[in-house]
Structures are given as structure tokens and as C-alpha cells.
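Undergrad: My structure is below; once you've seen it, I'll send some questions.
Residue numbers (this note's numbering), protein chains in the order written: chain A, 8 to 155; chain B, 80 to 195.
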């Protein structure tokens with residue numbers, strides 16, 4: 008009977024934490040860790056003070072664990088750090104794509120210049136293709152922003 | 080009327096927050112066979128005399144972040160207490176990062192000491 012009550016209290020805590028954390032697979036993984044932690048901590052306290060009331064010990068466990076909001080705040084802080092890493096990745100991705108586009112434009116302009124036996128000026132072809140690349144860039148960004 | 084924590088309190092919170100990732104790496108590094116989350120929380124409290132004033136639940140987002148950054152690996156094991164628990168182990172990259180951070184911290188404290 009007491010075990011059931013203890014388990015219900017633990018479930019309630021986990022449920023509260025779930026409520027303030029994002030609804031993701033990572034959250035579920037984290038909540039499993041927190042649940043294991045609660046049981047470890049409770050067992051440790053029970054071994055140290057076998058005569059103490061389990062409900063009281065569980066309160067101590069929750070107190071040491073912190074409010075679910077504390078966990079959510081720490082979770083948010085760690086996510087902000089990750090986002091910075093993502094920003095670096097995005098910057099490199101954009102730079103890489105610019106380099107690739109320039110190389111393609113130069114190659115395409117050279118091919119056009121060769122095929123037309125120099126009737127189409129190389130630099131004119133580069134200019135026209137660059138205009139198309141920039142237009143395509145703006146169009147893609149515009150489409151991306153309109154996506155729900 | 081002043082609201083919220085004082086300047087020095089906020090500063091201490093920020094400092095503790097910054098040092099926590101380092102302290103977690105340091106503790107995991109001491110356990111070649113790995114250590115579970117509750118063990119980390121206990122050691123953190125015992126070895127620092129509670130200096131970092133950590134709410135134990137806040138360790139798990141940090142452990143998950145360190146694992147995502149590939150500084151820690153984890154596997155699960157049975158526990159007498161109840162559900163299976165994760166055991167965290169330092170990776171080679173984690174060891175390199177820890178040593179780098181230790182050097183940086185050493186430099187910072189050395190320079191700060193020279194200021195006082």
C-alpha cells in the first residue's frame with residue numbers, strides 16, 4: 008500500500024517535469040534518468056535511516072532534486088549552447104554553398120563561351136549567370152519563409 | 080526598492096553554472112569504469128562540500144548535452160533500487176576537452192590572483 012503511494016508520488020513528479028519540458032524523445036530519455044535517480048536516492052536514504060518515514064525521505068529526495076521548473080531551466084540553458092554549435096554549422100554550410108555556386112557559374116560561363124566559339128563573352132556569361140543565382144537565392148528564401 | 084537577487088548572488092549563480100559542466104567531466108574522469116547520475120550528484124556534493132549548490136535534477140540536462148557533444152558515452156545497467164540506470168564514461172575527446180579546460184582554468188586563476 009505504501010509502495011503504491013510512493014510510486015504515485017514519483018509518477019506525479021515525473022508528470023510535472025514532463026509538463027514543463029519539450030515534448031521530445033530526448034525529454035523521455037531524460038525523465039527515465041530522473042526516475043532512476045529518485046529510486047537510487049530513496050534507497051540510499053532508506054539504508055542510512057531505516058527507521059525514518061519513507062514519505063519524509065521522498066520529500067528530501069524531491070527537495071534535493073529541485074523543482075521540475077529547475078530541470079526545465081537547465082534543459083533550456085543547455086539547448087542554447089547547442090544552438091550556438093548549430094549556428095557555426097549553418098555559417099559553414101552557407102559559405103560552402105556560395106563557393107560551390109561561384110565555381111559552377113564560372114564553369115558554365117566557360118562552357119557557353121566555348122560552345123559559341125567566343126560569340127558570347129565569358130564575363131558577360133558570368134554576369135548573367137550570377138544574376139540568375141542571386142534571383143534563385145532570393146526566391147528560395149522567400150519560399151522558405153512562407154512555409155508554415 | 081531593489082527586486083530579485085543581489086549582484087553578487089547572480090554572479091555566483093552564473094559562475095557555478097559555468098563550472099558545473101567542468102566539475103561533471105572531472106568526476107566522470109575519476110571513474111574509469113563509469114559512474115551513474117546519482118553517484119555523480121553525491122560525489123559533486125561531497126568533493127566540493129556543496130559549494131556548487133546543485134539541484135540534482137539539473138545535472139541531467141548537462142549529462143545529456145555532454146553526451147551529445149560526444150564528451151561522454153553511456154550504457155545502462157541493472158539497479159537494485161528500481162529502474163535501469165545510465166552509467167556515464169568519459170570519451171577520448173572528453174578527456175582532451177577536460178585537460179584543455181583545466182589548463183584554461185589554471186591560467187585564469189593564475190592571472191586573477193596576480194590582480195589581487
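All residues carry an ideal CB built from backbone N, CA and C; glycine is no exception.
Output the boundary residues of the beta strand (DSSP E) element that contains residue 161 of chain B.
TA: 161 to 169
Undergrad: If residue 167 of chain B sits next to residue 153 of chain B, beta carbons under 8 angstroms apart, how far is it from one beta carbon to the other, in whole angstroms?
TA: 5 angstroms
Undergrad: Grab me the residues of residue 61 of chain A's own chain with a C-beta within less than 8 angstroms of its C-beta, minus the 5 sequence neighbours each way, in chain order.
TA: 9, 13, 49 and 53
Undergrad: Between residue 7 of chain A and residue 143 of chain B, is the Cβ-Cβ spacing less than 9 angstroms?
TA: Because chain A in this structure spans residues 8 to 155, residue 7 of chain A falls outside the shown range and cannot be described.
Undergrad: For the segment 163 to 187 of chain B, which residues have a beta carbon sitting closer than 8 angstroms to at least one beta carbon of chain A?
TA: 163, 164 and 165
Undergrad: Using the beta-carbon of each residue, which ones in chain B are nearer than 7 angstroms to residue 77 of chain A?
TA: 134, 136 and 137
Undergrad: Can you grab the Cα-Cα spacing for the pair residue 134 of chain A / residue 103 of chain A, in whole Å?
TA: 20 angstroms
Undergrad: Express the C-alpha separation of residue 187 of chain B and residue 194 of chain B in angstroms, rounding to a whole number.
TA: Distance between the alpha carbons of residue 194 of chain B and residue 187 of chain B: 11 angstroms.
Undergrad: With a cut-off of 9 angstroms, does the C-beta of residue 41 of chain A fall near any C-beta of chain B?
TA: yes
Undergrad: Run through chain D and tell me which residues come within less than 8 angstroms of residue 33 of chain A, C-beta to C-beta.
TA: Structure shown: chain D not included; protein chains present are A and B.
Undergrad: Check residue 152 of chain B in the structure and name its three-state DSSP category.
TA: Of the three classes helix, strand and coil, the one that applies to residue 152 of chain B here is strand, per DSSP.
Undergrad: So residue 104 of chain B and residue 173 of chain B are supposed to be a Cβ contact under 8 angstroms. How far apart are they, rounded?
TA: 6 angstroms
Undergrad: Beta-carbon of residue 96 of chain B versus every beta-carbon of chain A: anything under 9 angstroms?
TA: yes
Undergrad: Just how far apart, CA to CA, sit residue 116 of chain B and residue 101 of chain A?
TA: Going from the Cα of residue 116 of chain B to the Cα of residue 101 of chain A covers about 39 angstroms.
Undergrad: Is there a Cβ from chain B that is less than 9 angstroms from the Cβ of residue 82 of chain A?
TA: yes
Undergrad: Roughly how far, in whole angstroms, is the beta-carbon of residue 151 of chain B from the beta-carbon of residue 107 of chain B, given that I think they are within contact range, below 8 angstroms?
TA: So it is a contact: roughly 6 angstroms between Cβ atoms.
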